[in-house]
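Convert by adding 11 to the 1-based position in the sequence shown; the result is the number in my numbering. Built from N, CA and C at the ideal position, the CB exists for glycine as well. One structure is given here, and the rest of the page talks about it.
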Amino acid sequence: MMTKPLLRYLLRRPNNTITVCSGIPGEAAALCAGRPRTFPKDLSISANSMEDQPELRALVASHDIAVSLLPAFLHVSVARQCLAEGRHLVTASYVSDEMATLDEEAKARGILLLNEMGVDPGFDHMSAMRMIAAARDAGERIVGFSSSTGGLPAPEAANNPLGYKFSWSPRGALVAARNAALFVADGARVTVPSAHLLATAKPFRAGRGFALEVLPNRDSCKYASKYGLGEDDTVGTDKAPADGIAGLFRGTLRYAGFSRQLLALAALGLLDAEPAGAGTDPILDAAAAAADGSGAAPSLLEWTASKAGTAADADAVVAAACDKADAVLAEAGSTPLTAEQREQIGVMMRFAGLLDASTPVPVLPADKRSAVDTMAALLGPKPSMNYADNERDMVIMQHTVDTVTPSGERRQRNGLMVEYERDGETAMARTVGLTAAIGAQLILDGAIPLRGVRRPVDPEVYEPVLDGLEDEGISMAETVRTLA
12 MMTKPLLRYL LRRPNNTITV CSGIPGEAAA LCAGRPRTFP KDLSISANSM EDQPELRALV
72 ASHDIAVSLL PAFLHVSVAR QCLAEGRHLV TASYVSDEMA TLDEEAKARG ILLLNEMGVD
132 PGFDHMSAMR MIAAARDAGE RIVGFSSSTG GLPAPEAANN PLGYKFSWSP RGALVAARNA
192 ALFVADGARV TVPSAHLLAT AKPFRAGRGF ALEVLPNRDS CKYASKYGLG EDDTVGTDKA
252 PADGIAGLFR GTLRYAGFSR QLLALAALGL LDAEPAGAGT DPILDAAAAA ADGSGAAPSL
312 LEWTASKAGT AADADAVVAA ACDKADAVLA EAGSTPLTAE QREQIGVMMR FAGLLDASTP
372 VPVLPADKRS AVDTMAALLG PKPSMNYADN ERDMVIMQHT VDTVTPSGER RQRNGLMVEY
432 ERDGETAMAR TVGLTAAIGA QLILDGAIPL RGVRRPVDPE VYEPVLDGLE DEGISMAETV
492 RTLA
């Protein structure tokens with residue numbers, strides 16, 4: 012998906028030739044079809060096969076740069092090959108702990124391993140750093156920063172109860188809804204345990220016409236030093252300087268209603284990742300036994316009722332799910348469900364098939380027999396949970412930088428980026444693929460002098476990349492307003 016806009020951009024230079032590698036037979040050939048100066052190559056791609064693969068080593072050696080759009084856990088294997096052959100690397104993934112260990116070697120060899128060159132991470136860092144720099148250039152002191160991003164269906168394509176579509180692993184999307192989070196508000200750290208994440212969603216305004224909500228996105232404090240806003244270990248604590256920032260927040264955007272609907276599932280234990288067996292989920296065990304010819308197959312309603320602790324009655328199950336969600340909301344200090352939200356939860360559960368008394372529980376392989384895997388198997392194949400050919404996606408990102416001027420005036424700088432699918436390229440593919448491509452071309456041109464393991468928070472990277480993205484029609488509209 013991200014490869015097409017990347018190829019389109021890099022092939023504008025008539026002296027660029029590109030080898031496209033894939034572990035899926037025929038995929039590289041399909042990507043190269045009709046594109047001049049591209050050469051397909053099928054590779055064995057896995058953690059074991061890539062660590063010491065002569066074929067990959069030879070490919071790296073015969074090119075000037077590598078761009079890895081592989082799953083994140085494979086990037087380090089490619090990076091090691093690049094270091095061995097003295098070649099630069101671009102990835103769109105977060106810098107992992109293992110990747111970070113390559114920093115000194117990369118510097119010693121004069122190699123740039125440029126990571127986080129996508130949209131989130133990537134464009135978020137770069138646009139934030141430009142806004143922060145502008146505030147400081149104006150003599151303003153930064154007292155708060157927030158950044159929220161969502162990859163969503165365009166409003167007309169948000170045609171299911173959750174208002175969400177799977178552009179990546181259904182299981183991964185569901186598991187991400189159970190992450191713990193940490194951020195700074197009113198000068199103090201706020202810790203959100205995983206069980207409370209969905210209960211902390213707040214209404215969010217981004218421009219006009221979007222009914223959104225925002226969830227805390229993991230550990231915001233680790234961005235303090237990256238953005239020059241303080242120290243990761245002390246921001247939001249009594250060890251932070253008195254004039255330090257009072258707010259630091261990174262969030263995930265979803266359409267309104269998403270979080271409380273998933274909260275009802277989580278409160279029932281339907282997002283639990285623990286494998287079934289040994290009595291942890293008797294209904295999933297019974298479904299597996301029935302598939303082996305032992306006993307009757309339980310229905311989805313029976314499974315949900317067992318989680319709710321009620322009879323196999325749809326209304327009773329929905330009521331129990333809502334009551335359990337309310338209990339979590341109360342623990343998290345949030346308001347209880349409204350009557351409309353309770354109705355929405357019932358609609359979502361029926362949509363997911365959880366109230367169906369005639370459909371048997373799907374039987375998954377033993378290593379994937381968990382509640383969350385079962386939910387992924389139920390939701391993943393549904394047509395409206397996936398993009399149809401005529402449906403657009405959307406990437407929306409908003410930054411807010413709160414500042415104080417030398418005269419004591421309070422200001423708020425806001426930046427908003429909304430990108431939709433264009434010309435058959437999804438918004439996600441464009442914002443990730445073009446960012447990586449522009450970074451790669453700048454490295455090829457010798458325009459980025461940095462070396463080592465890097466992310467795009469240095470002006471030597473973010474200024475030319477943002478300029479290049481603006482030429483492609485991707486930019487952040489910025490406004491400044493004075494607060495009373």
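Own chain partners of residue i with C-beta closer than 8 Å, once the 5 adjacent residues on each side are dropped
i	result
residue 62	88, 91
residue 279	315, 318, 319, 331, 332, 335
residue 404	162, 163, 164, 165, 168, 176, 178, 398, 431, 432, 437, 438, 439
residue 72	96, 98
residue 75	98, 99, 455
residue 191	202, 203, 204, 205, 208, 229
Sequence-distant residues of its chain with Cβ nearer than 6 Å to residue i (five each side left out)
i	result
residue 232	193, 243, 246
residue 102	79, 86, 126
residue 352	271
residue 463	114, 117, 118
residue 323	312, 313, 316
residue 490	425
residue 488	427
residue 82	none
residue 131	160
residue 261	158, 228, 231
First and last residue of the uninterrupted beta strand (DSSP E) at residue i
i	result
residue 124	123-125
residue 449	Careful: residue 449 lies outside any beta strand (DSSP E), inside the alpha helix (DSSP H) at 438-455.
residue 224	223-227
residue 492	488-493
residue 200	199-203
residue 465	463-465
Rounded Cβ spacing between residue i and residue j (contact assumed at less than 8 Å)
i	j	result
residue 438	residue 406	4 Å
residue 189	residue 282	6 Å
residue 346	residue 128	Actually they do not touch by this definition, with Cβ atoms about 40 Å apart.
residue 197	residue 257	6 Å
residue 40	residue 68	With a Cβ gap of about 22 Å, residue 40 and residue 68 do not count as contacting.
residue 307	residue 299	With a Cβ gap of about 13 Å, residue 307 and residue 299 do not count as contacting.
residue 21	residue 451	7 Å
residue 172	residue 358	5 Å
residue 380	residue 295	6 Å
residue 268	residue 174	7 Å
residue 225	residue 263	7 Å
residue 474	residue 459	Contact flag wrong, Cβ pair sits at about 10 Å.
Per DSSP, cross-strand counterpart(s) of residue i
i	result
residue 157	260, 411
residue 164	404
residue 428	408
residue 482	None; residue 482 has no bridge partner.
residue 355	In DSSP, residue 355 forms no bridge with anything.
residue 213	225
residue 193	202, 230
residue 265	224
residue 272	None, per the DSSP bridge assignment.
residue 286	381
residue 421	415
residue 371	310
residue 152	415
residue 219	Paired residues: none, contrary to the question.
residue 24	The partner list for residue 24 (beta bridge, DSSP) is empty, contrary to what the question assumes.
residue 433	436
Terminal residues of the alpha helix (DSSP H) in which residue i lies
i	result
residue 138	134-148
residue 183	181-187
residue 246	Neither: residue 246 is in no alpha helix (DSSP H) and is coded neither H nor E.
residue 328	325-342
residue 32	Counting along the chain, residue 32 falls outside any alpha helix (DSSP H), though it belongs to the beta strand (DSSP E) covering 29-33.
residue 383	382-390
residue 379	Premise fails: residue 379 is in no alpha helix (DSSP H) and is neither H nor E.
residue 294	293-302
residue 318	311-319
residue 20	14-21
residue 41	38-43
Beta-carbon proximity list for residue i, same chain, < 7 Å, skipping 5 on both sides
i	result
residue 186	284, 383
residue 151	414, 415, 416, 422
residue 388	373, 375
residue 254	152
residue 1	Lying before the first or after the last residue shown, residue 1 is absent from the chain, which here runs from 12 to 495.
residue 342	207
Any chain D beta carbon closer than 8 Å to residue i
i	result
residue 197	As a matter of chain content, chain D is missing from the structure shown, which is built from one protein chain.
- prompt: Going along the chain, which unbroken runs of the beta strand (DSSP E) with 3 or more residues stay wholly within the stretch 45-131?
  reply: 49-53, 76-79, 99-102, 123-125
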